[in-house]
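J.: Got a structure here, written out as structure tokens. Questions coming.
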Amino acid sequence: MAALADRVRGSGRIAAGLLLNLLVSICIVFLNKWIYVHYGFPNMSLTLVHFVVTWLGLYVCQKLDMFAPKSLPPSKLLLLALSFCGFVVFTNLSLQNNTIGTYQLAKAMTTPVIIVIQTFCYKKTFSTKLQLTLIPITVGVILNSYYDVKFNFLGTVFAALGVLVTSLYQVWVGAKQHELQVNSMQLLYYQAPMSSAMLLVAVPFFEPVFAEGGIFGPWSVSALLMVLLSGVIAFMVNLSIYWIIGNTSPVTYNMFGHFKFCITLFGGNFK
Numbered sequence: 001m002a003a004l005a006d007r008v009r010g011s012g013r014i015a016a017g018l019l020l021n022l023l024v025s026i027c028i029v030f031l032n033k034w035i036y037v038h039y040g041f042p043n044m045s046l047t048l049v050h051f052v053v054t055w056l057g058l059y060v061c062q063k064l065d066m067f068a069p070k071s072l073p074p075s076k077l078l079l080l081a082l083s084f085c086g087f088v089v090f091t092n093l094s095l096q097n098n099t100i101g102t103y104q105l106a107k108a109m110t111t112p113v114i115i116v117i118q119t120f121c122y123k124k125t126f127s128t129k130l131q132l133t134l135i136p137i138t139v140g141v142i143l144n145s146y147y148d149v150k151f152n153f154l155g156t157v158f159a160a161l162g163v164l165v166t167s168l169y170q171v172w173v174g175a176k177q178h179e180l181q182v183n184s185m186q187l188l189y190y191q192a193p194m195s196s197a198m199l200l201v202a203v204p205f206f207e208p209v210f211a212e213g214g215i216f217g218p219w220s221v222s223a224l225l226m227v228l229l230s231g232v233i234a235f236m237v238n239l240s241i242y243w244i245i246g247n248t249s250p251v252t253y254n255m256f257g258h259f260k261f262c263i264t265l266f267g268g269n270f271k
């Protein structure tokens, strides 16, 4: 009876984590698109804000004794930090250059790519039924890309890079949590500032910093509030992704992602 109660509580926690991720993931897609369209806030700078707010949020959680930091060697987190930068930057660039529908549909290819990576690099096996589900996903994405009236080459390149880097990132998130024996907060606490530092160095080469349209440019109060809100939601997105992958698997997270895609697609189709 005790074992059954533990399983029920465990399932309840996973369901709650999935629900939180569903809500914040949908919210941030539409909010970021709104920021790009109505304020023209630069992509990499917005990503940097997300990283910094994520680290500050974890710092507050640590001070509130919600988790205990664990010393980790930076060399073990370097590739994860780089992939984290690429994951957010390329997916945001895909969102900026594609409609929300196309952006979300392209992300559906993450599941097949993750399965390929885990099969060939980690020797993990998957059932035939699961592999068969990849056929309609792949065919659907190809058909949409071919017939999309708003198709553009640059958006497709960013979407493809986003899928590849996101797949690597999600596989490594689960692998690092098990390899280093840390929970989602402990891992993200060390990885987020590393990614922030990397992006801080890169931003001046690609975007203005103090000039108009730069991160420290003359923005309206409403724009700054929206950017800050986006950072807070990004913190919840990042934390929930780590938690879900650490407690389930990258494939489970992405299968759930298809459900998020359907809901987001119903929400609208912005230019």
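In case it helps, the UniProt record's numbering puts the sequence shown at residues 1 to 271.
For every residue, glycine included, the Cβ atom is placed at its ideal position computed from N, Cα and C.
1. Less than 8 Å between C-beta atoms, sequence neighbours within five positions excluded: which residues of the same chain meet that for Thr138?
2. Short of 8 Å in beta carbon distance, which residues of its chain neighbour Leu78, apart from the five on each side in sequence? Order them along the chain.
3. Within the continuous alpha helix (DSSP H) that includes Thr109, where are the two ends?
4. My assumption, with CB atoms under 8 Å, is that Leu180 sits in contact with Leu188. Please give the rounded CB distance.
5. Could you check what DSSP says for Leu192 in three-state terms: helix, strand or coil?
6. In terms of alpha-carbon separation, which member of Ile115, Lys123, Gly140 lies closest to Leu130?
7. Is it true that the stretch 82 to 101 meets the stretch 218 to 227, where meeting means three or more beta-carbon pairs spaced less than 8 Å apart?
8. What did DSSP end up calling Val149 once you bin it into helix, strand or coil?
9. For Met174, collect the residues of the same chain with a Cβ closer than 6 Å to its Cβ; drop the 5 residues on either side in sequence, then sort them by chain order.
10. Name the residue from Ile26, Leu19, Met44, Ala16 whose alpha carbon lies nearest to the alpha carbon of Ala202.
11. What number of angstroms, rounded off, separates the C-alpha of Ala192 from the C-alpha of Leu56?
12. Within 8 Å, do at least three Cβ pairs link the stretch 58 to 67 to the stretch 206 to 221?
13. Secondary structure at Asn247, three-state DSSP: helix, strand or coil?
14. DSSP three-state call for Gln131: helix, strand or coil?
15. What residue range does the alpha helix (DSSP H) around Val60 cover?
16. Quick check on Ala15: buried or exposed, where buried means 16 or more other Cβ atoms within 10 Å of its Cβ?
17. Report the three-state DSSP secondary structure of Ala16 (helix, strand or coil).
18. Assign Ser71 to one of three DSSP states: helix, strand, or coil.
19. Is the stretch 46 to 55 touching the stretch 228 to 243 in the sense that three or more CB pairs, one from each, lie closer than 8 Å?
20. Using the beta-carbon count (16 or more within 10 Å), is Leu132 buried or exposed?
21. Can you tell me whether Val163 is helix, strand or coil according to DSSP?
22. State the DSSP-derived secondary structure class of Ala223, mapped to helix, strand or coil.
23. Our contact map puts Ile233 next to Asn21 with C-beta atoms below 8 Å; I'd like the distance itself, whole angstroms only.
24. Return the chain-ordered list of same chain residues with a C-beta closer than 7 Å to the C-beta of Thr91, the five sequence neighbours on each side being excluded.
T.: Judging by the given coordinates:
1. For this step, residue 138 is matched to residue 138 along the sequence shown. Excluding residues within five positions, the ones whose Cβ falls inside 8 Å are Met109, Pro112.
2. As a first step, residue 78 must be located in the sequence shown, where it is residue number 78. Correct list, in chain order: Met194.
3. As a position in the sequence shown, residue 109 is number 109, starting the count at 1. The sequence shown places Met at residue 109, not Thr. First-last for Met109: undefined, no H or E at that position.
4. Within the sequence shown, residue 180 is the residue found at index 180, counting from 1. Within the sequence shown, residue 188 is the residue found at index 188, counting from 1. No, Leu180 and Leu188 are not in contact; Cβ-Cβ is about 12 Å, not under 8 Å.
5. In the sequence shown, residue 192 corresponds to position 192, counting from 1. A small fix is needed here, since residue 192 is Ala in this sequence, not Leu. Of the three classes helix, strand and coil, the one that applies to Ala192 here is helix, per DSSP.
6. Locating residue 130 in the sequence shown gives position 130, counting from the first residue. Out of Ile115, Lys123, Gly140, Ile115 has the C-alpha closest to the C-alpha of Leu130.
7. no
8. Within the sequence shown, residue 149 is the residue found at index 149, counting from 1. Its pLDDT being 49, under 50, Val149 is placed unreliably by the model, and the measurement read from it follows with that caveat. Coil, per DSSP.
9. Taking the first residue of the sequence shown as position 1, residue 174 is located at position 174. A small fix is needed here, since residue 174 is Gly in this sequence, not Met. Answer for Gly174: Ile245, Pro250, listed in chain order.
10. As a position in the sequence shown, residue 202 is number 202, starting the count at 1. The option with the nearest alpha carbon to Ala202 is Met44.
11. If you number the sequence shown from 1, residue 192 lands on position 192. If you number the sequence shown from 1, residue 56 lands on position 56. Cα-Cα distance, rounded: 9 Å.
12. no
13. Position 247 of the sequence shown, counted from the first residue, corresponds to residue 247. Three-state result, Asn247: helix.
14. Position 131 of the sequence shown holds residue 131. In this structure, Gln131 counts as helix in the three-state DSSP scheme.
15. The count along the sequence shown starts at 1 and reaches residue 60 at position 60. Residues 43 to 63.
16. Translated into positions along the sequence shown, residue 15 becomes position 15. That one is exposed.
17. Walking along the sequence shown from the start, residue 16 turns up at place 16. Ala16 falls in the helix class under three-state DSSP.
18. Locating residue 71 in the sequence shown gives position 71, where the first residue counts as 1. Here Ser71 sits in coil by DSSP.
19. yes
20. In the sequence shown, residue 132 corresponds to position 132, counting from 1. Exposed, by the Cβ-count rule.
21. Locating residue 163 in the sequence shown gives position 163, counting from the first residue. Helix, per DSSP.
22. As a position in the sequence shown, residue 223 is number 223, starting the count at 1. Of the three classes helix, strand and coil, the one that applies to Ala223 here is helix, per DSSP.
23. As a working note, residue 233 is residue 233 in the sequence shown. As a working note, residue 21 is residue 21 in the sequence shown. Actually they do not touch by this definition, with Cβ atoms about 11 Å apart.
24. Indexing the sequence shown from 1 puts residue 91 at position 91. Within the same chain, Thr91 has close Cβ partners Gly162, Thr166.
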